[in-house]
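Basically the working numbering = 1-based index in the sequence shown + 2.
Here a beta-carbon is modelled for each residue, glycine too, at the ideal position from N, C-alpha and C.
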Amino acid sequence: MGIHANTVARAYAELEEAGVLVCHRGQGSFIRATGEDERIAAEREARLQAIVGRATLEALSLGYSADQVEAAFALRLAKWRDAMQTSPIQAAPALLPPDVIAVVGSHDLSLDLLAGKLRQRTPPTRMTSSHVGSLGGLIALARGEAHVAGCHLLDEETGEYNLPYVKRLLPGQGIVLVNLVHRIQGLMLPRGNPKGVSGLSDLARDGVTFVNRQRGSGTRVLLDYRLRQAGMDPLDIKGYEHEETTHLGVATAVSGGVADVGLGILAAARAMELDFVPLWQERYDLAIPRSYYDAPLLQPLLDTIRGEAFRRLVHELGGYDISATGQVVGETGLNR
């Protein structure tokens with residue numbers, strides 16, 4: 003976003019030190035409720051506003067727009083949640099409060115923006131997310147363990163995204179595919195690209211170490227498909243078995259020198275100030291059972307992603323095409 007990492011990092015360090023924020027694995031960040039009386043609660047709220055206000059004013063004074071500041075805060079929170087999330091645990095909808103939307107599946111930074119926008123609604127809507135990969139998300143839907151699955155699965159036979167997988171994994175079920183974003187996938191590299199990586203073939207070069215996404219993720223499915231197209235053997239790629247569960251995890255590995263290159267989205271590369279070689283554009287959809295799509299619980303989510311404010315924030319992240327955001331791009335089991 004162009005905002006120095008320390009500007010936002012200082013704010014969140016103070017929040018964490020003060021005990022103002024609590025992070026529940028896969029459930030986002032919440033204001034800590036510890037039973038203080040109203041006076042103490044008011045003081046804590048004032049302190050929170052002051053912390054966030056200082057960071058916001060500093061960024062605005064440097065010429066950044068309000069949208070850029072909000073997107074930068076969302077990215078910082080996404081990186082913090084990613085570090086806190088040690089395992090993809092997700093409760094079934096029946097075990098969740100009735101006002102919590104459970105999203106399971108592929109990781110995307112726009113989901114963090116979406117969760118933030120839902121919390122800002124009146125009344126607030128809570129959304130949890132677990133990053134188990136696109137296939138894991140659809141399997142969770144099949145098991146009744148989620149309201150929504152995020153997916154970006156390219157079918158090799160048809161060249162179509164998501165719908166063929168939905169038909170195979172959820173046969174006969176009414177599923178609505180709503181586009182969230184089209185996004186750019188590419189190679190994330192250290193600043194200056196010291197190994198001179200320019201394309202997929204360079205992954206098999208001597209001296210180049212790769213970091214991969216986990217099996218079942220849409221990014222992994224896409225990579226394996228492209229490797230087969232290029233006639234490349236994954237065993238020739240050093241680090242192919244090194245797996246991360248999110249785009250930010252891959253970006254962090256590259257930024258920290260653990261790997262020379264990783265496959266991921268442009269927004270994650272920008273968040274970690276990495277170089278980026280674009281390779282392909284892909285479609286990222288939300289798969290929603292018809293019963294939930296028509297239910298009141300999900301209307302705030304659908305309204306939000308179709309709203310201009312959310313679309314503007316996603317655009318600020320970079321690397322996204324929002325022209326189809328919120329549109330129904332596929333359906334199965336049309337008999338209601």
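Buried versus exposed, by CB contacts within 10 Å (16 or more), residue i
i      : result
Glu318 : buried
Ser325 : exposed
Pro192 : buried
Tyr294 : buried
Asp101 : exposed
Ala297 : exposed
Gln92  : With a pLDDT of 44 at Gln92, under the threshold of 50, the modelled position of this residue cannot be trusted; read the value that follows with caution. With 16 or more other Cβ atoms within 10 Å, it is buried.
Ala44  : exposed
Glu243 : exposed
Arg313 : buried
Thr124 : exposed
Leu171 : buried
Leu205 : buried
Cutoff 9 Å: residue i Cβ touching any chain C Cβ
i      : result
Glu159 : Protein chain content of the structure displayed is limited to a single chain, and chain C is not contained in it.
Distance, residue j Cα to residue i Cα
i      : j      : result
Ser112 : Gly233 : 33 Å
Ala269 : Gly146 : 31 Å
His26  : Ser200 : In this predicted model, His26 has a pLDDT of only 43, less than 50, meaning its place in the structure is not dependable; the value taken from the coordinates is given anyway. If you take the alpha carbons of His26 and Ser200, they lie about 39 Å apart.
Arg292 : His184 : 23 Å
Leu250 : Ile239 : 21 Å
Val106 : Ala48  : 34 Å
Ser132 : Leu62  : 33 Å
Pro126 : Met274 : 30 Å
Val180 : Tyr163 : 12 Å
Glu310 : Ala117 : 16 Å
Val128 : Gly65  : Reading off the sequence shown, one finds Arg at residue 128, where the question assumed Val. Roughly 32 Å between the two C-alpha positions.
Thr248 : Arg78  : 15 Å
Ser67  : Lys119 : 18 Å
Arg121 : Ala289 : 22 Å
Leu23  : Arg56  : At Leu23, the pLDDT of 49 sits below 50, so the modelled position is not reliable; the number obtained from the coordinates is stated separately. Spanning the two alpha carbons is a distance of roughly 17 Å.
Arg207 : Asp226 : 17 Å
Gly266 : Leu276 : 11 Å
His149 : Gly194 : 42 Å
Gln51  : Ile103 : 27 Å
Gly161 : Pro173 : 20 Å
Glu246 : His109 : 11 Å
Arg308 : Pro166 : 25 Å
Arg76  : Gly198 : First, the amino acid is wrong: residue 76 is Ala here, not Arg. Each residue's alpha carbon lies about 31 Å from the other.
Thr58  : Val71  : 7 Å
Phe278 : Thr306 : 30 Å
Gly176 : Lys169 : 10 Å
Ala73  : Thr130 : 19 Å
Asp157 : Pro236 : 20 Å
Asp323 : Leu304 : 18 Å
Cross-strand partners of residue i (DSSP beta bridge)
i      : result
Val168 : Answer by DSSP bridge pairing: none, since Val168 is not bridged.
Ser344 : The structure shown does not extend to residue 344, since the chain spans only 3 to 338, so no value can be given for it.
Tyr322 : Arg185
Asn214 : Glu245
Phe341 : One cannot answer for residue 341 here, as it falls past the ends of the chain, which runs 3 to 338.
Thr334 : Ile177
Sub-9 Å separation of residue i and residue j beta-carbons
i      : j      : result
Ala253 : Gly264 : yes
Asp287 : Leu115 : no
Asp69  : Leu299 : no
Leu202 : Arg228 : yes
Pro280 : Gly188 : yes
Leu155 : Val256 : no
Gly218 : Gly152 : no
Ile186 : Gly328 : no
Ala80  : Met190 : no
Gly220 : Glu159 : no
Any non-hydrogen atom of the ligand ADP within 8 Å of residue i CB
i     : result
Leu79 : As far as ligands go, the structure on display features none, and thus does not contain the ligand ADP.
(request) Could you tell me whether the stretch 257-274 touches the stretch 213-226, using the rule of 3 or more Cβ pairs below 8 Å? (result) Yes: at least three Cβ pairs fall under 8 Å.
(message) Under 8 Å, with one C-beta from each stretch per pair, do the stretch 132-141 and the stretch 327-335 reach the 3-pair mark?
(response) Short answer: they don't touch.
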